[in-house]
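This report refers to the structure that appears directly beneath it.
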Amino acid sequence: MKELNVALTELGISKVRLAKYLGVSRQMLYNYLAIDDLNNWPKEKAAKILSLLNIESINELKNLKVTGEYIIEVEGRLNDGVKDSSSKEVLADLKGFNKKEQELLSDIINLLKERLSNDKSKEMYNAYVYLYNFLKSMDNNDELKYILAYMSKALGFTDPMEFSFNKDKQFVFESIIFSAMTLYTNGGASRTKLAETHKRFVQDIEKKNEEKLSRTQELNTAKIQALRELGYSTINEDNAKEVLDKIAEIQSRKV
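Using numbering that gives the first Met the number 0, read the sequence shown as starting at 0 and increasing by one per residue.
Laid out in structure tokens, this is it:
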């Protein structure tokens, strides 16, 4: 089985993806790979490995040449296999979505699971915390959508002249971001030169947070006053509309 492990390494196939392809846990996969003879594997799993590598017997691995074309072929078979097995697991929880939405959500969920399984570092965890915050905020900030479009175009996944959102605003935003990224990539933006700009960036965020806190406190004060005036102790389904109307009235008194 040494040849198999060598081939998997040369092909760049992670144990996580191979386990998903075979439909087993990672621990079970490690147990399989520790077996000296593929004939001692469960027949179904052995057949899937041979099919993935497009060989008829494990002995062919001794003369196997791992070329770029072969890697692409194996990657294609692996992706199809992982997608099929993962979709069965994920799509059960996606009722109510159409086929395209199910496939998209399935791909996103499986990609996140794979990345987090492969990299347990704090850096990777924080990256996905930021991604979660990004997604939560996207409905209230069109620029976040423009950022996604820009990166998809810059990475070659999307036609640079495709505009899925507000064309004029997206065009301006992408042009500005390209200028900034060009400056960043070419080394024309040193930490020293940008120290003052970053300071203003921090101050702007702090100001927004203070304003948000102030609004929250103001709303909470108005809520307490509304409950007191209406004779309620808390908001519930029965009095919610009445309390919200009273809050709006209280806030209008200050205008």
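The beta carbon of each residue, even a glycine, is placed where N, CA and C say it ideally should be.
- Nearest neighbour of L32 by Cα position, chosen from Y127, L7, T181, turns out to be L7.
- Assigned with DSSP and collapsed to three states, E142 falls in helix.
- For I234, there is no enclosing alpha helix (DSSP H), as DSSP gives it neither H nor E.
- For a cut-off of 8 Å, the C-beta gap from L77 to Y20 is around 6 Å, short enough to register as a contact.
- Of the candidates A148, L115, D138, N139, the residue whose Cα lies closest to the Cα of V128 is L115.
- Rounded to whole angstroms, the gap between the alpha carbons of L130 and M123 is 11 Å.
- Counting C-beta pairs with one atom in each stretch, the segment 193-205 and the segment 166-178 have fewer than three that are closer than 8 Å, which means they do not touch.
- Per DSSP, reduced to three states, the secondary structure at V23 is coil, with no helix or strand assignment.
- The Cβ atoms of E241 and L229 lie closer than 9 Å to each other.
- Taking a 10 Å sphere around the C-beta of N109, we find 16 or more other C-beta atoms and assign the residue as buried.
- Judged by DSSP in its simplified three-state form, D203 adopts helix.
- For A221 against I176, the beta-carbon gap comes to about 40 Å, at or over 8 Å, which does not count as contact.
- Rounded to whole angstroms, the gap between the alpha carbons of E210 and Q202 is 12 Å.
- Of all C-beta pairs linking the segment 132-148 to the segment 160-169, three or more are shorter than 8 Å, placing the two stretches in contact.
- With respect to the 9 Å criterion, E74 and L10 are classified as neighbours on the basis of their beta carbons.
- Around the beta carbon of G80, 16 or more other beta carbons sit within 10 angstroms, so the residue counts as buried.
- Just measuring C-alpha positions, the residue of Q224, E72, I70 sitting nearest K245 is Q224.
- Boundaries of the alpha helix (DSSP H) harbouring M180: 166-184, taken from the DSSP string.
- By the neighbour-count definition (other C-beta atoms within 10 Å, threshold 16), I107 is an exposed residue.
- CA-CA distance, S213 to S151, rounds to 37 Å.
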